[in-house]
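In order, the protein sequence lines correspond to chains A and B.
Okay, so the first sequence: first residue is 6 according to the numbering used here, each after it adds one.
Okay, so the second sequence: first residue is 479 according to the numbering used here, each after it adds one.
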Amino acid sequence: MDILNQLMQGFATAGTPINLLWAFVGCALGTAVGVLPGIGPATAVAMLLPITSQVNATASMIFFAGIYYGAMYGGSTTSILLNTPGETASMVTAMEGNKMAKSGRAGAALATAAIGSFVAGTIATLMVTLFAPVVAEYAVRLGPPEYFCLMLLALTTVSAVLGQSTVRGLASLFVGLAIGLIGMDQITGQARYTGGVPELLDGVEIVLVAVGLFAVAEALHAVLFEGASHDSQNKLSRVSMTASDWRRSLPAWLRGTAIGAPFGCIPAGGTEIPTFLSYAVEKKLAKGEHQAEFGKKGAIEGVAGPEAANNATVTTALIPLLTLGIPVSNTTAILLGAFQNYGIQPGPQLFTNSAALVWALIASLYIGNVMLLVLNLPLVGLWVKLLKVPKPQLYAGILIFATVGAYGMRQSAFDLVLLYAIGVLGLVMRRFDFPTAPVVVGMILGPLAEAQLRNALSIGEGKWTVFLERPMSLALLGVVLTVLVLPRLLKKRG
Amino acid sequence: MPVLSDKTRQSAVALGVLALALGLGWGAADISSEAGYAGVGPNFLPWLVAGGLAVVAVFLGFEAFTGGFRDMPDPQALDAPPVSAPCWSGFVWMSGGLLLNAALITRIGFVFSCALCFACAAHGLRQAQSGARQGLRSWWVDGAIGLLIAAPVYWMFTKFLAISLPGLTQSGWL
């Protein structure tokens, strides 16, 4: 009952009024950025990274987790009510949710999305509670070769497997790795690519890259290419579900959770696969007139399942982040950056060295889920008003917050020029469909992977065969090869 | 401005990636290879990244010349977001706002500098939306809204979170 004890202590920490307030503000802010188009959780957390210099670690991690979570709830609201495809995570929700909204069932779609998110989020948090300490205990025994292989797996999947094109994914990854190279080499302390600029010795700030690539690039893309697009909005109906809606939603939530949760646990990332998988399963399992609703009137299962899968994946993604220190998405990469700002390196030792922080964070996930249910069911009408903010003011306002994040980190006006340059890079990447996640993940994971690689080679006395002699690392290399080759083979045959 | 073909633009992207690879390689030559026990030194990853980018650049160039980048999102797809003709004047306005902000933030303070950036960006976006000429009045409105956003943000971050942002006066309120 050690876990229960520690969880209770976590609740005690997370339950203090000030931490509850941080959680609440985080959830509210997260819902807002989720609802607003053009800004997501990764951007929001990145913009707020400067607070890590002033706010204590527990409070700010609770705050960031609230944003991370809240954005998932808020994102579904927008994808159901707005007739424009949003981010990939809620794309599947948009397919059926939009159809439901068009046939006057927006309220039921919103309700099943919110309650489904709550159910999946809570079950997945329970899994984090139970499994994360076990994984951490096991992970202590992993050596540098195994860590390097795990990181290689994460980097491979995020760049080469997810996304449309392997070539463009790899291009993004190498750009991210190159940005990560700038600064002092962790092992020998040698300066690399600093060009003699002392500010660059500490490396390029994550804030600059993330805010530039997401917020500034988004605004530049909007002004350059999206002038003529007009969003149309569906009408909101009463947010409630009938008995039949409940009967149809409940199994879909559970199935979605079961599909989504394992995907978060493996360092492979992405919510696209689990949400699409859940959608396919629901469509297949539906019978008679319910199946006829798919793609026409909009089937509630098609919203409930993917939405639950999405939340379950996002939540269990905290397991590899906390226990192995391996981020698999933009937002978890930036959360890792937040830990690093405190001098904390997530990994197996986190559960022993920073136990209070970890358990407070996990407890706050339970609390946050309840808060978000309240924020998103009775109060959904409030958030919908955010969709009325006209585009010029919305994007121009985002730029003000981008300035806060970029300038607040280092108090350097030069960083604002750099921010613009990265924004232009992001614009070009978006124009030619280069994915951005590999840049951010590569930039943060690159230096860690390099250190593990060199430590591993030290262990092997300079011989590369060290990766093949250890069963675990050999197995992991096999997995890396499989995820690289298998999709291609399937594509050829299919 | 002449309309460039997809081939030209994509080749330019490939060339850009190649240039980055060459730059990284050039820089990598200056990094010591002293490996110690590890067998690979601090210059290993730089060379790997430079080499990887060069290979990717070749692939991108090959794709650009043989029918364009593969697996691009279909602009004709039903759910594809509408893409309008690029509005360069709006882009210039927004870029100007951002760069002015960088130039002025330490001189006229966060609040006014950001309000100016807001007004320029909003002006650009509105131009992209309607293309119509906008009167002086919209500038005043945008400037006022910019101030109304920037000032509370400034107070919140400097007063509550103790993050230092530049002010115009020493009072700490503007």
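Cβ coordinates follow ideal geometry from the N, Cα and C atoms, glycine included.
Query	Result
List the residues of chain A that P630/B touches, going by C-beta distances under 7 Å, in chain order.	The premise fails here: P630/B is roughly 10 Å from chain A at the closest Cβ pair, so nothing lies under 7 Å.
From the beta carbon of G303/A, is the nearest beta carbon of chain D less than 7 Å away?	Checking the listed chains, one finds no chain D in this structure; the protein chains it contains are A and B.
Step through the CB atoms of chain B and report whether any lies within less than 7 Å of the CB of V422/A.	yes
From G645/B to T83/A, what distance separates their C-alpha atoms?	37 Å
From the beta carbon of G71/A, is the nearest beta carbon of chain B less than 7 Å away?	no
Please list the partners that R604/B has in chain A, where partner means a Cβ-to-Cβ separation under 8 Å.	P397
So, at 6 Å on beta carbons, what are the nonlocal neighbours of L479/A in its own chain, with the 5 sequence-adjacent residues on each side left out?	L473
Using a 10 Å radius around the Cβ and a threshold of 16 neighbouring Cβ atoms, would you call L556/B buried or exposed?	Residue placement at L556/B cannot be trusted, given a pLDDT of 47 that sits under 50; the coordinates are not used to answer.
Would T441/A pass as an interface residue toward chain B - the criterion being a Cβ-Cβ separation below 7 Å?	no
Where does R197/A fall in DSSP's three states?	strand
Any beta carbon of chain A sitting closer than 7 Å to that of T655/B?	In the structure as shown, chain B begins at 479 and stops at 652. Residue 655/B is therefore absent and cannot be evaluated.
Ordered along the chain, which non-local residues of its own chain (more than five positions away) have a Cβ less than 6 Å from that of A159/A?	P272, I331, V333
Whose Cβ in chain B lies nearer than 8 Å to the Cβ of R493/A?	By Cβ distance, chain B contributes nothing, its closest Cβ being about 13 Å from R493/A, past 8 Å.
Find the nearest neighbour of G503/B within the set F179/A, I120/A, A368/A, A118/A, judged by alpha-carbon distance.	F179/A
Checking contacts by CB at 7 Å: is M634/B closer than that to chain A?	no
Using DSSP with H/G/I as helix, E/B as strand and the rest coil, what is Q345/A?	helix
For I405/A, which residues in chain B fall below 8 Å Cβ to Cβ?	C592, C595, F596, G624, I627, A628, V631
Find the residues of chain B that neighbour Q59/A, judging by a C-beta separation of less than 7 Å, and give them in chain order.	L639, A640, I641
So, helix, strand or coil for G109/A, using DSSP?	coil
Checking 7 Å against the spacing of the C-beta atoms, do I449/A and T134/A come in under that value?	no
What does the Cβ neighbour count give for Q488/B, buried or exposed, with the cut at 16 atoms within 10 Å?	buried
Nearest-angstrom Cα distance between C592/B and V491/B?	32 Å
Residues of the stretch 343-365 of chain A in Cβ contact with chain B at a cutoff of 8 Å, in chain order, please.	none
Listing by chain order, which chain A residues have their CB less than 8 Å from the CB of G539/B?	By Cβ distance, chain A contributes nothing, its closest Cβ being about 10 Å from G539/B, past 8 Å.
What number of angstroms, rounded off, separates the C-alpha of C565/B from the C-alpha of N579/B?	22 Å
What's the C-alpha gap between A309/A and I120/A?	9 Å
Quick check: the stretch 315-330 of chain A against the stretch 66-83 of chain A, are at least 3 beta-carbon pairs closer than 8 Å?	yes
Would you call the CB atoms of L87/A and Q195/A closer than 7 Å?	no
Where do the ends of the alpha helix (DSSP H) carrying Q191/A lie?	Segment: none, Q191/A is in no alpha helix (DSSP H) and carries neither H nor E.
Report the three-state DSSP secondary structure of L12/A (helix, strand or coil).	helix
Throw me the rounded Cβ distance for the G602/B and G568/B pair, which I believe falls under 8 Å.	4 Å
If contact is defined by three or more beta carbon pairs under 8 Å, each pair taking one atom from either stretch, is the stretch 414-422 of chain A in contact with the stretch 196-212 of chain A?	yes
Tell me whether I3/A is buried or exposed, calling it buried when 16 or more other Cβ atoms sit within 10 Å of its Cβ.	Missing from the structure shown is residue 3/A; chain A here goes from 6 to 499 and no further.
From which residue to which residue does the alpha helix (DSSP H) around C154/A run?	149-161
How many angstroms separate the CA atom of D484/B from the CA atom of F230/A?	16 Å
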